[in-house]
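Here our numbering runs 159 ahead of the position in the sequence shown, where the first position is 1. For every residue, glycine included, the Cβ atom is placed at its ideal position computed from N, Cα and C. Written out below as structure tokens is the structure these notes cover.
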Amino acid sequence: MNEPIGFVGLGNMGIPMAKLLISKGWTVYGFDINEEACQSFASQGGIPSALPEIVEKTSTIILMLPNSKIVNDVIQQILSLSISKERNHNETFILDMSSSFPPDTQANASKAYEIGIHLLDAPVSGGVKKAVSGELTIMVGGDETAFQRQLPILQTFGNNIFYLGESGSGHLVKSLNNYLSAVHILATSEAIRISSNFGIDPQAAIEVFNRSSGRSGSTEYKFPEFVLTETYNSGFSLDLLAKDIDITRQLLEKTGDATLLVKLISDTYHAASRSLRTNADHTEIFRYVSAYIQKKF
Ligand code: NAD
160 MNEPIGFVGL GNMGIPMAKL LISKGWTVYG FDINEEACQS FASQGGIPSA
210 LPEIVEKTST IILMLPNSKI VNDVIQQILS LSISKERNHN ETFILDMSSS
260 FPPDTQANAS KAYEIGIHLL DAPVSGGVKK AVSGELTIMV GGDETAFQRQ
310 LPILQTFGNN IFYLGESGSG HLVKSLNNYL SAVHILATSE AIRISSNFGI
360 DPQAAIEVFN RSSGRSGSTE YKFPEFVLTE TYNSGFSLDL LAKDIDITRQ
410 LLEKTGDATL LVKLISDTYH AASRSLRTNA DHTEIFRYVS AYIQKKF
């Protein structure tokens, strides 16, 4: 019988991931500050619970939360609740699958280790679609033995699982991946806007890029699926992507090395966030670009 699992953060990614665990036979105790999210989780067979109950009943707790500030707060609560719990040392795990700030992850991992809890960073890539199908890419940092112990749970979410090294490594690579992705979708938005203003069918331009060196996840998937259809419903918000770019920027600023490109990309996404609707999807960066590249050729 599988040990029960705790799941904190039942949003766009958390719900389908928790659902996968439930479908594979795990009992999942879940918490979200949003009542609707808890109801949706219950309708999938999960057990909505407060944090103390989750700490009491489970020895692996997964976090799928918006940012490090919230993650830090929730981890602090879990650690405080764990001190009073009877449990075996080194038999309790926190998997932070959110996209978090690596230095905070390292600090959290040290605090957790002091009381015998292993914190692994295990952020994901692949978006809501692959969270639903269980085909996420997972990048892991932290103690390798703890990682091996948690592999069966991680394999529920995807088969491309990479162990990258010490605590924070997974979060670092995740932020860099999204920095690249942010560059790709911004550059593709400009390219498609320019070609459309010239009178070229955007579909045709995308097909050319996909058979040429300009291709990327944005040309192959995001543009055909969410931009050219004007649905803009990838399930990944522009603000969360801006946060990921900022992780790369902050790391570079810590050493005084922030490059022109990372500053420009980060500033552009923040300007887009101010100008687009609240909770805009990240694919709506195309709408922002369309507002500043307007002239026909
Ligand atoms: P989301 O905003 O849809 O979900 C986050 C959930 O956390 C919300 O339901 C919110 O109510 C809940 N929450 C906030 N504060 C809380 C707290 N203190 N306690 C409990 N619950 C709390 O975000 P998402 O799109 O599911 O993303 C979650 C994480 O995964 C983020 O770090 C994001 O960067 C990352 N991520 C998202 C995607 C994607 O495509 N959406 C892909 C890869 C990684």
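Distance, residue j Cα to residue i Cα
i	j	result
ARG408	GLY327	16 Å
SER449	SER258	29 Å
SER377	ARG246	46 Å
LEU435	MET176	29 Å
GLU162	GLU250	12 Å
SER355	PHE368	14 Å
GLN235	SER269	12 Å
CYS197	ASP191	6 Å
ASP263	GLY358	48 Å
GLN309	VAL230	20 Å
VAL287	PHE395	8 Å
ALA430	GLY275	43 Å
VAL421	ALA401	11 Å
GLY317	GLU294	4 Å
PHE508	ASN193	Examination of residue 508 is not possible in this model, given that the chain is present from 160 through 456 alone.
Close Cβ partners of residue i (< 6 Å) along its chain, the five nearest in sequence each way excluded
i	result
ILE320	ILE297, LEU313
LYS183	THR315
PHE166	ALA177, VAL187, GLY189, ILE221
ASP416	none
TYR391	PHE385, ASP440, THR442, GLU443
For residue i: DSSP bridge partner residues
i	result
THR219	ILE164, PHE252
PRO207	GLY189
ASP280	ASP255, GLY300
Endpoints, beta strand (DSSP E) assigned at residue i
i	result
ILE297	296–300
TYR380	Unbroken run through TYR380: none, as it is neither H nor E.
TYR338	Run containing TYR338: none in the beta strand (DSSP E); it sits in the alpha helix (DSSP H), 328–356.
LEU397	Looking at the DSSP string, LEU397 is not in any beta strand (DSSP E); the run it does join, the alpha helix (DSSP H), is 397–413.
Assumed close pair residue i, residue j - CB separation to whole angstroms, cut-off 8 Å
i	j	result
LEU240	LEU210	6 Å
ALA364	ILE344	That pair is no contact at about 15 Å.
ASP305	PHE252	First, the amino acid is wrong: residue 305 is Ala here, not Asp. At roughly 6 Å, the Cβ-Cβ gap stays under 8 Å, so ALA305 and PHE252 are in contact.
LEU224	GLY168	4 Å
LYS333	SER284	7 Å
ASP403	ASN337	4 Å
N- and C-terminal bounds of the alpha helix (DSSP H) containing residue i
i	result
TYR428	419–434
GLY458	The requested residue 458 is not part of the displayed model; the chain covers only 160 to 456.
Chain-order list of residues whose beta-carbon lies under 8 Å from that of residue i (same chain, five-residue window excluded)
i	result
GLN203	ILE174, ALA177, LYS178, ILE181
ILE164	LEU180, TRP185, THR186, VAL187, TYR188, THR217, THR219, ILE220, ILE221, ILE312
LYS244	VAL214, GLU215
Cut-off 7 Å between Cβ atoms - residues of its own chain near residue i, not counting five sequence neighbours on either side
i	result
PHE456	ASN356, PHE357
THR418	LEU411
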